Structures are given as C-alpha cells and as structure tokens.
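Reading through the structure tokens given below for one structure.
Residue numbers (our numbering): 392 to 489.
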C-alpha cells in the first residue's frame, strides 16, 4: 500500500515537473523589449497601410486606429536536454535557439 502511494506521488511529481519544464519560456518577457503603439489615422493612411480591397470604409464620424507591435530579437539561448534512451543509456543534447 505504501509503495503504491509513493509510486503515485513520484508519478504526479514527474508529470508536474515535465509540464512545468516544457511550458516555460527560455527567457523572461522583459528580454523581448516589446512596444506597442496605437494612433488615430484617416482613411487614406489606413488604405496606404493595408490592401484597399480588404479595408472597411469608415463611415461618417467613425474613427480608424492603426496599431503597431514591435520587439527585439532575444539573445541566443542554449537549451540542454538530458534523456534516457530505450537502451538505458543517458544522452545529452544541446540546441541553440534563434
């Protein structure tokens, strides 16, 4: 009974650790230095920014907002992975992102 509980706790901890490791970015969001801008423009500026056939025409009194999102490329990140193969050997792999 105790062995079963210990095995269950180890399995839950393993799944939780695996999910945490694979669902986190290799760097914090501040590294991207993301910026966003939003400005009011007229119909001619909106048509120049986009394909005129795809643009909706603004009616009387409507406002058109034109937005831009920019970010800096993150630095190169080294990801290391240690895994055990089907033959029981431990493998080490590195991957350079970006």
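Where is the CB? At the ideal position from N, CA and C, for every residue including glycine.
As the structure is a computational prediction, the values presented were derived from the model and not from experiment.
Tell me the start and end of each unbroken alpha helix (DSSP H) in the stretch 415-471 that is at least 4 residues and wholly inside, in chain order. 434-440
Quick check: what's the CA-CA separation for residue 447 versus residue 441? For the purposes of this step, residue 447 is taken as the residue at position 56 of the chain shown. For the purposes of this step, residue 441 is taken as the residue at position 50 of the chain shown. Cα to Cα, the separation comes out at about 10 Å.
With DSSP collapsed to three states, give me the class of residue 392. Numbered from 1 along the chain shown, position 1 holds the residue referred to as residue 392. Residue 392 falls in the coil class under three-state DSSP.
Is the separation between the beta-carbon of residue 429 and that of residue 463 shorter than 8 Å? The residue you call residue 429 lines up with position 38 of the chain shown. The residue you call residue 463 lines up with position 72 of the chain shown. Cβ atoms of residue 429 and residue 463: not closer than 8 Å.
Secondary structure at residue 488, three-state DSSP: helix, strand or coil? Reading the chain shown from its first residue, position 97 is the one you call residue 488. Because residue 488 sits at a pLDDT of 49, beneath the cut-off of 50, its placement in the model cannot be relied upon, and the following sentence gives the value as read from the coordinates. If DSSP states are grouped into helix, strand and coil, residue 488 belongs with the strands.
Just to confirm, is the Cβ distance from residue 425 to residue 401 under 8 Å? Reading the chain shown from its first residue, position 34 is the one you call residue 425. Reading the chain shown from its first residue, position 10 is the one you call residue 401. It is not a contact, given that the beta carbons lie outside the stated cut-off.
From residue 456 to residue 419, what distance separates their C-alpha atoms? Here residue 456 refers to the residue found at position 65 of the chain shown. Here residue 419 refers to the residue found at position 28 of the chain shown. When rounded, the distance between both Cα atoms is 30 Å.
Between residue 405 and residue 417, what straight-line distance do the alpha-carbon atoms span, to the nearest angstrom? Here the question's residue 405 lines up with position 14 in the chain shown. Here the question's residue 417 lines up with position 26 in the chain shown. Answer to the nearest angstrom: the Cα atoms are 20 Å apart.
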